[in-house]
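Q: Residue numbers (this note's numbering), protein chains in the order written: chain L, 1 to 255; chain G, 1 to 331; chain V, 1 to 396; chain B, 1 to 286. Even glycine gets a Cβ: it sits at the ideal position worked out from N, Cα and C. Provided herewith is a single structure, encoded as structure tokens, for subsequent inquiry.
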Amino acid sequence: MSVILEVDGVTKRFGGLVAVNKVDFAVEEGSILGLIGPNGAGKSTLFNLIGGTIKPDEGRIRLDGKDVTGWPAHRVAREGVGRTFQTTALFEELPVYLNLAIGYRMRTKTNLFDALLRTPRARREQKEITQRVIEVLTFVGLGEYFDRPAGSIPQEAQKRLAIGIALMGRPRLLLLDEPTGGVGPEETGRIIDLIRRVRELGITVCIIEHKMKMVMGLVDRLVVLNFGVKIADGPPQEVCSDPSVIEAYLGECIA
Amino acid sequence: MKWIKEKLNFNLLVGLASLTLAALLPLLLQRTSGGKYNMIVLTYAMIWAVAACSLNLILGFTGQACLAHGALVGIGAYSMAIMVERVGINYWLAFPLTCLLTAFIGFLIGLPSFRTRGPYFAIVTLCFNVIVYATFENWTWLSGGLAGQSFEVPPVLASRTTKYYFVLAFLALTVVVVRQIIKSIVGASFLSILSNESLSEAVGISAFRNKLLSFTVSCFLAGMAGALFATVSGRVDYSITSFLHSFNILVYTLIGGVATIAGPVIGAVGLYYLLDRIKGFGEFRYVGFGVLLILIIIFFPRGLMGGINQLRDWVKEKRSTKVAPQGEVGS
Amino acid sequence: MRLRKLTVVFTLLATIALMMASCGGGEGEGKGVIKVGLTAPLSGVGAKYGQDCQDGLSLAIEDINAKGGITVGGKQYIFELYPADDEAVPDKAKTNAERFVLENDIKFVFCPLATCINTLMDMNTRAGEEFLIMAYTSVPLYAQRSNPYMVTIPPPFSSYIPDFIKFAMGKGWKKVALLQTTGSYGELWGKTFKEAWIKAGGTVVAEAPASYYTETDFTAYIQKALAGGPDVLFVGGPSQPTAQVMKQARGLGFKGGFIVIDQAKMDEIADAIGMDMMEGSVGVLPVEDSQFSATLPFAKKYKERFGRRCTWETAIHYSAFHILARAIEKAGKVDDVKAIREAFNAPGVAELSGDEYPMAFDGINPNTGALFMPATASYVEGGKFVPLESIEWWKK
Amino acid sequence: MSFFINQLIIGIQLGSQYMMMALGLTLIFGILDISHFAHGHIYMVGAYLLYTFSVLAGINYWVALPICMIILALIGVLVERLVYRPLRGSPSINTFIAAIGLLLAIETLVRGIKKDAVRVPVPVDRSVSVLGMSLEVQRIIVILGALLILLMLQWFIKRTRLGIAIEAMAQDREGASLVGINVNRISALTFAIASALAGVAAVLMAPLGAITPEMGNPLILKAFVIVVIGGLGSMKGAIFGGYILGVIEALGVAYISSTYKDVFAFALLIVILAFRPTGLFGERAA
């Protein structure tokens, strides 16, 4: 299997604080990577660096061997990186189907004139969008909410919608920042199930998660961050027995 | 998607009905001289409605508060008058050229301005407007000074009635353009920036490029409003570039209903007409108007159209027992 | 909450309805009514200026109506004034005029701003919708394009320039610094004055025009002007900021004179900063120092009634309105604009005596429609206004 | 050289006035996210209050100063209560519209009451000579007064409980309400302080010029430019921005063009924001 994402010595400082310090790891295509660590360990910052929301001070980020360091977020997204945010980010005022449609925008070529004149291309792509929306809507199981404003649907459905939006553009790599945060145990199961099905589509997944139990059963590999530094990297069981990890987590990991 | 179609058809029906009404109105108004006056006021009001629609595109649908629309309308009006009178370009050629020129100027302003966000963007555009106004006020070679720039309208457009229809046609065109954009995936990208800029970046939409696009189109329409203004008034002077116009356009848009297609039209036509009618109240009318603005914005934060939509939703909620439209996602 | 909203809506609607309802004007009585329009800034920055103009017209109408109005073609007519606010914006002036003509059937429109008059000139010759513009501006708009139905009331601003220059040069002042207001009017004044000054052998040592409408502190400008070591400063815009400029110039140690453009009123400046600081200024003669015997009583009456100082705007509008009334009488028609405009040319119509009216007129140029109103400058010496000889500019 | 220094002093004095206005605005923005566009009109009301007390009622200028400040502070609280509080949480463009409505109403009302421009006498009617050019004492009072006010404000913000709460809220609004800071009280207080600052500016500046209903308009525009140059919500930015703009304006008039002075000032802002999109002292955009 080939490496899809390569993080190579990436460092990010905010003022005097080093949020991410010379972190490197690689993700193999088709695998699920878990990213864990205590609060403020720099996990979300790392996602923002990969996703292009912020630029690293040092180090390189490569996608499929292509150097995407310092690319703006929208270009990284077009390279096939879908992502969700820690605080669930949706287009809250817009209906669910439009949320999804927007996720597919980067795969369409309709320009202003197509839109104004409703050219054949615009019509064709409109159909394409609708089809894809139905596909994803079914895949994430949000059919019943399709015309509701995204902000008004239940918390757990919002989480699935966020994943759905990220899936719309047919990403090869999906970055999920706490996809089950603030969700009850029963619903967590549904989301985990969704993530498994995503992997079955052949999409590589990187996931930040606090619920250790869930992570252990889901991921192929674990990367542990503490104070911006990578302290462990390997198969879940191996990482959990690592003494530095136990120290960072005060034994919570084993539970 | 069936239900959208139903809703659209309803809106379309209302739109067509208002257009027909507006088109028939002159037949009535032409009869009396007082009616003719109302026609003139409505003609001007519709020009500002075009400007308000153009502001709505960038403010309402893309979320960027632009305070330079007075200047843009002014630039459009001047470029029209100068092209026709001094350069000697044919009116019908000058009209699209004016729109393109204003769009291009907007594009140039947008390049540095969209590096900033929110209130910063608003102030940058306001500053641009102040600069344009000061330039036109003092550079009399450009603006024609006290006399302004006179402007010969083609004979076809000489009468009040044809001017009315001419402006009405362009207002209808503007509404259609805005609607076509908003109901398309291009417009959805604009909406996504308004709603959540970082998420739209994360799904591959370049906020900068889309804002710039939206602004350029908005400027194109503002230039059109300017060209219409020059056509209707026959003389352009520096006061048209004032940022007070920017504020007015903003007020029309917000009171009418930001981010709705009909709102800016209703706001501009309604308020312009109202303000003209209450002229007889002397200076103190502006105390009342000021208080009215505050009250409306407090009690109807989404403007008149927003209020109507709210009311409609509320009625719908009361009446219908919700049926989940499962599996009806067909286009 | 919903109830509160509804209440608000209804209150708003009721207010609007009330406003609309009370918009209809009052109807005339048994006598015929001649309606006269005024489009002027009646709100905003120019509100006072517009109010002064309106006061002049109202007083004239009051006086004429009190005497039973005028007799035209054997019928008695009284006047009624329709003031409308244009906020100094030309396109609003334009809609005002449209309303006058179309809704109110008005044939005579007073307008005191050059920019607004310009737009009125575009529309007053339309067949069937003619109206007479009574233009109150010292910019000679008729020189650029003629208008058959326009009467220009005050003298052109340039008629003051020779006197201003003669006075300044007579004092031995050769170096001037330009410090007038920015904007089109100030620029026009500045340019014309500069040319004349240089032609007369003077030099311009500094140019620092300032926006009198937006600045409140002129020190930076004045210092720039003073750095050139001028003998005299060319200032002027609205009265208040002009006073401010002069005061600050004195504060900065300027000892020379001021040449004040006609927009600023010397008496208002004196009210604001006192006569001491104005020593050596030359500008338009104040109302109360007028050479006409009727002016002072008029000004006093005005002040008693309105509690404000009478300005030339009021006095001149008052007088000019009487000329209009005479012309209508002479023409024998109340709605034939062409005949009425021609009646201005008839001997005696456009001639008012300074013993009866606060401003004297000496006829009209039949071609341009410019009334012959003398321009009188005055300078300040020993804490007093000293009038110069009135300039009969039309004779040159 | 003396010409340059004189222009510099004038610039600093202009800047003092700008700074006092900009400080109020930036406090209001930082804490409440409100573009208080009617702030210039509050300043204008302050000048008219001074006229009322010192000319009409004959109260001593220095006694009138605190009275005007207090009354203006109360007006500020009233404005917050009646206009801005009901709008809390709505988009900032809505508060902007409300501000336009407010300034329209205030300006028209004042003009309706008093049409003519008014003046108040200068408390110390003297000029001093600085490097061969004379300077009115009142200008020096403005410069020193502004500095004094600035120091007092700094003391208040850094040393008093309320002040610290204000600063905390300016930096982190949500966090502040979490640790139990009473948001309503703080917003009222902010408006009171900002309006009182405008009051000081008005009282100090009023004797130097005519008092007119529209005197707030150019000032508010400048003050906003400063707040934006400095970075919205940044007090440091408002202070530096105020002095910088004042000095640039004075030197611009002297050495570039007086007619296009505003053009240069506003163009400068656009250039600054093109390179630093959140102002000189604003937090960097992520």
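On the three-state DSSP scale, how would you describe residue 106 (chain V)?
A: Residue state, collapsed to three classes: coil.
Q: Are the segment 133–144 of chain V and the segment 108–117 of chain V touching, with three or more C-beta to C-beta distances below 8 angstroms?
A: Touching, yes.
Q: Please confirm whether residue 28 (chain G) has its beta-carbon closer than 8 angstroms to some beta-carbon of chain D.
A: As a matter of chain content, chain D is missing from the structure shown, whose protein chains are L, G, V and B.
Q: How would you call residue 51 (chain V), buried or exposed, if buried means at least 16 neighbouring beta carbons within 10 angstroms?
A: Residue 51 (chain V) is buried by the Cβ-count criterion.
Q: Could you please tell me which residues of the segment 177–200 of chain G, in chain order, have their CB closer than 8 angstroms to any CB of chain L?
A: Residues passing the 8 angstroms Cβ filter: 177, 180, 181, 184, 185, 186, 187, 188, 189, 191, 192, 195, 196, 198, 199, 200.
Q: Taking only the alpha-carbon atoms, compute the straight-line gap between residue 9 (chain G) and residue 188 (chain G) and give it to the nearest angstrom.
A: Rounded to the nearest angstrom, the two C-alpha atoms are 20 angstroms apart.
Q: Alpha carbon to alpha carbon, what distance is there between residue 73 (chain V) and residue 280 (chain G)?
A: For residue 280 (chain G) and residue 73 (chain V), the distance between alpha carbons rounds to 32 angstroms.
Q: Applying the criterion that 16 or more other CB atoms from any shown protein chain within 10 Å of the CB defines a buried residue, is residue 23 (chain V) buried or exposed?
A: Caution applies to residue 23 (chain V), whose pLDDT of 45 falls short of 50 and renders its modelled position unreliable; the value that the coordinates give is listed next. By the 10 Å Cβ count, residue 23 (chain V) comes out exposed.
Q: For the beta strand (DSSP E) that residue 33 (chain L) lies in, which residues bound it at each end?
A: Segment 32–36, the beta strand (DSSP E) holding residue 33 (chain L).
Q: Measure from the alpha carbon of residue 350 (chain V) to the alpha carbon of each residue in V:160, V:209, V:319, then state which is nearest.
A: With distances taken between Cα atoms, residue 350 (chain V) lies closest to V:319.
Q: What are the residues of the segment 201–228 of chain G that lie near chain L, defined by any Cβ-Cβ distance shorter than 8 angstroms?
A: Those residues of the segment 201–228 of chain G that come within reach of chain L (Cβ to Cβ, closer than 8 angstroms) are 201, 202, 203, 204, 205, 206, 207, 213, 217.
Q: Apart from the five residues just before and just after residue 215 (chain B), which ones in its own chain have a Cβ nearer than 7 angstroms to its Cβ?
A: Within the same chain, residue 215 (chain B) has close Cβ partners 44, 47.
Q: In three-state DSSP terms, what is residue 90 (chain L)?
A: Of the three classes helix, strand and coil, the one that applies to residue 90 (chain L) here is coil, per DSSP.
Q: In whole angstroms, what is the alpha-carbon distance linking residue 102 (chain G) and residue 286 (chain V)?
A: Going from the Cα of residue 102 (chain G) to the Cα of residue 286 (chain V) covers about 48 angstroms.
Q: Whose Cβ in chain V lies nearer than 9 angstroms to the Cβ of residue 106 (chain G)?
A: The premise fails here: residue 106 (chain G) is roughly 23 angstroms from chain V at the closest Cβ pair, so nothing lies under 9 angstroms.
Q: Can you list the residues of chain B that residue 138 (chain G) reaches, using a CB-CB cut of under 9 angstroms?
A: Near residue 138 (chain G) (Cβ distances below 9 angstroms), the residues of chain B are 259, 260, 263.
Q: Work out the CA separation of residue 232 (chain G) and residue 135 (chain V) for me, nearest whole Å.
A: Answer to the nearest angstrom: the Cα atoms are 23 angstroms apart.
Q: To the nearest angstrom, report how far apart residue 53 (chain G) and residue 40 (chain B) are at their CA atoms.
A: Using only the alpha carbons, I get a separation of about 30 angstroms.
Q: Run through DSSP, which three-state label would residue 151 (chain V) get?
A: Note: residue 151 (chain V) maps to strand in three-state DSSP.
Q: So residue 134 (chain V) is in the beta strand (DSSP E); what residue range does that whole segment cover?
A: 132–135 is the span of the beta strand (DSSP E), which, as asked, contains residue 134 (chain V).
Q: State whether the segment 220–229 of chain V contacts the segment 148–165 of chain V, with contact taken as three or more CB pairs (one from each stretch) at a distance under 8 angstroms.
A: The segment 220–229 of chain V vs the segment 148–165 of chain V: no contact.
Q: May I ask which residues mark the beginning and end of the alpha helix (DSSP H) holding residue 44 (chain G)?
A: Looking at the DSSP string, the run of the alpha helix (DSSP H) that includes residue 44 (chain G) is 33–59.
Q: Does the CB of residue 225 (chain B) have a neighbour CB from chain G at under 8 angstroms?
A: Yes, contact with chain G.
Q: Report the rounded CA-to-CA distance for residue 259 (chain L) versus residue 203 (chain G), giving the unit in angstroms.
A: Only positions 1 to 255 of chain L appear in this structure, which leaves residue 259 (chain L) out of reach.
Q: State the Cα-Cα distance for the pair residue 126 (chain B) and residue 239 (chain B), rounded to the nearest angstrom.
A: If you take the alpha carbons of residue 126 (chain B) and residue 239 (chain B), they lie about 28 angstroms apart.
Q: By the three-class DSSP mapping on this structure, what secondary structure does residue 188 (chain G) have?
A: If DSSP states are grouped into helix, strand and coil, residue 188 (chain G) belongs with the helices.
Q: What do you get for residue 38 (chain G), buried or exposed, if any count of 16 or more other CB atoms within 10 angstroms of its CB means buried?
A: Flag for residue 38 (chain G) reads buried.
Q: Helix, strand or coil: which one does DSSP assign to residue 206 (chain L)?
A: Strand.
Q: Can you confirm whether residue 163 (chain G), when its beta carbon is compared against all beta carbons of chain V, has any partner nearer than 8 angstroms?
A: So no, residue 163 (chain G) is outside the interface.
Q: Starting from residue 100 (chain B), find everything on chain G with Cβ-Cβ shorter than 7 angstroms and list it in chain order.
A: By Cβ distance, chain G contributes 247, 251, 293.
Q: So, at 6 angstroms on beta carbons, what are the nonlocal neighbours of residue 244 (chain L) in its own chain, with the 5 sequence-adjacent residues on each side left out?
A: The residues are 231.
Q: With residue 291 (chain V) as the anchor, note down where its alpha helix (DSSP H) starts and where it stops.
A: Element bounds for residue 291 (chain V): n/a, residue is neither H nor E.
Q: I need the straight-line Cα distance from residue 13 (chain G) to residue 261 (chain G), nearest angstrom please.
A: Near 14 angstroms, if we compare the C-alpha coordinates of residue 261 (chain G) and residue 13 (chain G).
Q: Under a Cβ-count criterion, where at least 16 other Cβ atoms within 10 Å of its own Cβ denotes burial, should residue 159 (chain G) be classed as buried or exposed?
A: Exposed, by the Cβ-count rule.
Q: Would you kindly work out how many angstroms separate the C-alpha atoms of residue 190 (chain V) and residue 180 (chain V), rounded to a whole number?
A: Those two C-alpha atoms are separated by around 7 angstroms.
Q: Using a cut-off of 9 angstroms between C-beta atoms, extract the partners of residue 10 (chain B) located in chain V.
A: Under the 9 angstroms cutoff, chain V gives 217, 219, 220, 223.
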